[in-house]
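K.L.:
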Amino acid sequence: MTPYVGIVGGGQLGRMLALAAAPLGVNCGVLDPSPTAGGRVAADHTIAAFDEIDALREMAAKSDVVTFEFENVSAPALEAIESRAKLAPPTRALETSQDRLDEKQLFSKLGIPIATYATVDSFAELETAFDGIAGPAILKTRRFGYDGKGQATIEDSSDLARAWASVGESPCVIERRIAFDRELSVIAVRSSSGEIAVYPPTENLHVSGILRTSKAPAELGDDLTHVANAFVTKLLTELDYVGVLALELFDVEGELIANEFAPRVHNSGHWTIDAAPTSQFENHIRAILDLPLGSTSPVTECLMVNLIGDSPELGSLLAVPGAHVHLYDKEPRAGRKVGHVTVTATDGLDLDSASRRVLDLVSASTV
43 MTPYVGIVGG
53 GQLGRMLALA
63 AAPLGVNCGV
73 LDPSPTAGGR
83 VAADHTIAAF
93 DEIDALREMA
103 AKSDVVTFEF
113 ENVSAPALEA
123 IESRAKLAPP
133 TRALETSQDR
143 LDEKQLFSKL
153 GIPIATYATV
163 DSFAELETAF
173 DGIAGPAILK
183 TRRFGYDGKG
193 QATIEDSSDL
203 ARAWASVGES
213 PCVIERRIAF
223 DRELSVIAVR
233 SSSGEIAVYP
243 PTENLHVSGI
253 LRTSKAPAEL
263 GDDLTHVANA
273 FVTKLLTELD
283 YVGVLALELF
293 DVEGELIANE
303 FAPRVHNSGH
313 WTIDAAPTSQ
323 FENHIRAILD
333 LPLGSTSPVT
343 ECLMVNLIGD
353 SPELGSLLAV
363 PGAHVHLYDK
373 EPRAGRKVGH
383 VTVTATDGLD
393 LDSASRRVLD
403 LVSASTV
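In the numbering used here, the protein residues as written are 43 to 409.
1) Could you spell out where the alpha helix (DSSP H) holding asparagine 325 opens and where it closes?
2) Beta carbon of threonine 244, beta carbon of serine 256: below 7 Å?
3) In the DSSP assignment, find the unbroken alpha helix (DSSP H) run with valine 269 in it and report its ends.
4) Less than 7 Å between the beta carbons of serine 125 and tyrosine 46, yes or no?
5) Work out the CA separation of glycine 174 and proline 374 for me, nearest whole Å.
6) Nearest by alpha-carbon distance to alanine 90: which of Val83, Ala84 and Ala79 is it?
7) What residue ranges within the stretch 339 to 389 form continuous alpha helix (DSSP H) runs of no fewer than 4 residues, ordered along the chain?
8) How big is the Cα-Cα spacing for leucine 331 and serine 233?
9) Under 8 Å by Cβ, that's how I've got leucine 59 and isoleucine 229 pegged, so tell me the actual separation to the nearest angstrom.
10) Relative to the C-alpha of serine 407, which residue among Ile123, Val385, Thr388 and Gly377 is closest?
11) With a cut-off of 8 Å on the beta carbons, I'd call phenylalanine 273 and alanine 288 a contact; round off their distance for me.
12) So the alpha helix (DSSP H) valine 400 belongs to, where does it begin and stop?
13) Could you give the first and the last residue of the continuous beta strand (DSSP E) run that contains arginine 218?
14) State the start and end residues of the unbroken beta strand (DSSP E) segment that holds alanine 85.
15) Look up threonine 314 in the DSSP assignment and say whether it is helix, strand or coil.
16) Between proline 305 and serine 139, is the Cβ-Cβ spacing less than 7 Å?
17) Nearest to leucine 136 by CA position, among Pro155, Lys191, Gly285 and Thr275, is which residue?
18) Round the Cβ separation of alanine 85 and isoleucine 49 to the nearest angstrom and send it over; I've been treating them as touching at under 8 Å.
19) Taking the alpha-carbon positions, what's the aspartate 392 to alanine 130 distance?
20) Using CA atoms only, rank isn't needed, just tell me which of Asp223, Ala239 and Ile350 is closest to tyrosine 370.
21) Assign aspartate 293 to one of three DSSP states: helix, strand, or coil.
22) For valine 362, which option in Leu403, Ser235, Asp316 and Phe165 has the closest C-alpha, if you only look at C-alpha atoms?
23) If you draw a straight line from the alpha carbon of histidine 366 to that of arginine 219, how long is it in whole angstroms?
24) With 16 other CB atoms within 10 Å as the buried threshold, where does leucine 253 fall?
25) Run the CB neighbour count on methionine 43, radius 10 Å, all protein chains shown included, and call it buried at 16 or more, exposed below.
26) Which residue wins for smallest C-alpha separation from serine 199, given the options Ala176, Ala318, Ser164 and Ser150?
27) Would alanine 207 be called buried (16 or more neighbouring beta carbons within 10 Å of its own) or exposed?
28) Does the distance from the CB of leucine 143 to the CB of arginine 184 come in under 7 Å?
29) At the level of alpha carbons, what is the spacing between glutamate 121 and threonine 133?
30) Express the C-alpha separation of arginine 57 and methionine 101 in angstroms, rounding to a whole number.
31) Just to confirm, are alanine 434 and proline 340 a CB contact at a threshold of 7 Å?
32) Under three-state DSSP, which class holds asparagine 69?
33) Please list the terminal residues of the continuous beta strand (DSSP E) segment that includes aspartate 170.
34) Measure the CB-CB distance between leucine 226 and alanine 260 and report whether it falls below 7 Å.
35) Could you give the residue range of the alpha helix (DSSP H) that holds glutamine 193?
36) Can you tell me where the beta strand (DSSP E) holding threonine 244 begins and where it ends?
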């Protein structure tokens, strides 16, 4: 019988999951309220709200497994369908990632270093907590923040009122702003039977909270790579996790400090489509169906470049040697990820030169 995977969310991640599933003979359905959701081209499309119980139950009834492509989906809504289909990743991982305090407490429990932080539920608490942080800080809503949303930087006490207002006076955490040398992520996958595979760490560049580029593999060295792998393996094991998970880290003078984790396939792992034997998307499908995991060793060095706001003319991108273009069928809009390009160092290609050409094209079109 043909396996069927239900995906809550039909954006670019759902689209790429369905595209990776098709060669394996796995059919997919996406549930998304947008009639133009990108996943519709590769999967059955149910137009419904992410938390519409009847629609979720209908999807679950025909699915071997239900998964999700973003972490702001309703955990209670997913719990309501667990009796009808296997759910992967588990709701515990989803709920932990949705609350920055729970996330930080989990990191501390597992011995994974994090920045100094405090909880903030009122402006008075913010004033007290900032005094304790004793330096530049970032105020983050505890829930529902991504791509730089729900965050405010604080340089000194004169910024407190502005920061508190900008986050909607919501329950928050305030954390010391880390002067990091670089941003890293490690993508890993665990199957239902407990098999674990880890991709090499990736070096990332964010601008205004949005990922711009990912270089893989990161030049990290064996010792730090071992530490990063140990951190993500602890998370997978503690959460009894199934599927792909991304752990974001800061490298601070050779020490790795955790920022956050995402219980899903991740933007910083898009390079795996073109530069690894098995993409993160295929390995996610394999993991949730408890199939053997594929190799995570990269076949080449690469640079992934996000297309933000708008995309350069397709022909100009394809004219760059080693460039692999992925467009998401999304209308251009400021700050919106509409696609990505992965430049691979194959056949003796000068990766730096090709990457500069792509970056120049993207810079000219970015909104």
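In this text, a Cβ means the ideal position worked out from N, Cα and C, and glycines have one as well.
P.N.:
So, from the listed chains and residues:
1) 322 to 330
2) yes
3) 264 to 280
4) Going by C-beta atoms, serine 125 is not nearer than 7 Å to tyrosine 46.
5) 43 Å
6) Ala79
7) 356 to 360
8) Distance from the CA of leucine 331 to the CA of serine 233, rounded to the nearest whole angstrom, comes to 8 Å.
9) Rounded, the Cβ-Cβ distance is 14 Å, inconsistent with contact.
10) Measuring from the Cα of serine 407, the nearest candidate turns out to be Gly377.
11) The Cβ separation is near 12 Å, so there is no contact.
12) 393 to 407
13) 214 to 218
14) Neither: alanine 85 is in no beta strand (DSSP E) and is coded neither H nor E.
15) helix
16) yes
17) Gly285
18) 7 Å between Cβ atoms; contact.
19) 40 Å
20) Comparing Cα-Cα distances from tyrosine 370 to each of Asp223, Ala239 and Ile350, the minimum goes to Ile350.
21) strand
22) Leu403
23) 35 Å
24) buried
25) exposed
26) Ala176
27) With fewer than 16 other Cβ atoms from the protein chains shown falling within 10 Å of its own Cβ, alanine 207 counts as exposed.
28) yes
29) Glutamate 121 and threonine 133: Cα-Cα distance of roughly 7 Å.
30) If I take the Cα positions, the gap works out to 17 Å.
31) Any property of residue 434 remains undetermined from this structure, which presents the chain solely from 43 to 409.
32) strand
33) Aspartate is not the amino acid found at residue 170; the sequence shown has threonine there. Unbroken run through threonine 170 is the alpha helix (DSSP H), 165 to 175; no beta strand (DSSP E).
34) yes
35) No alpha helix (DSSP H) contains glutamine 193, which is instead part of the beta strand (DSSP E) from 193 to 196.
36) 244 to 249
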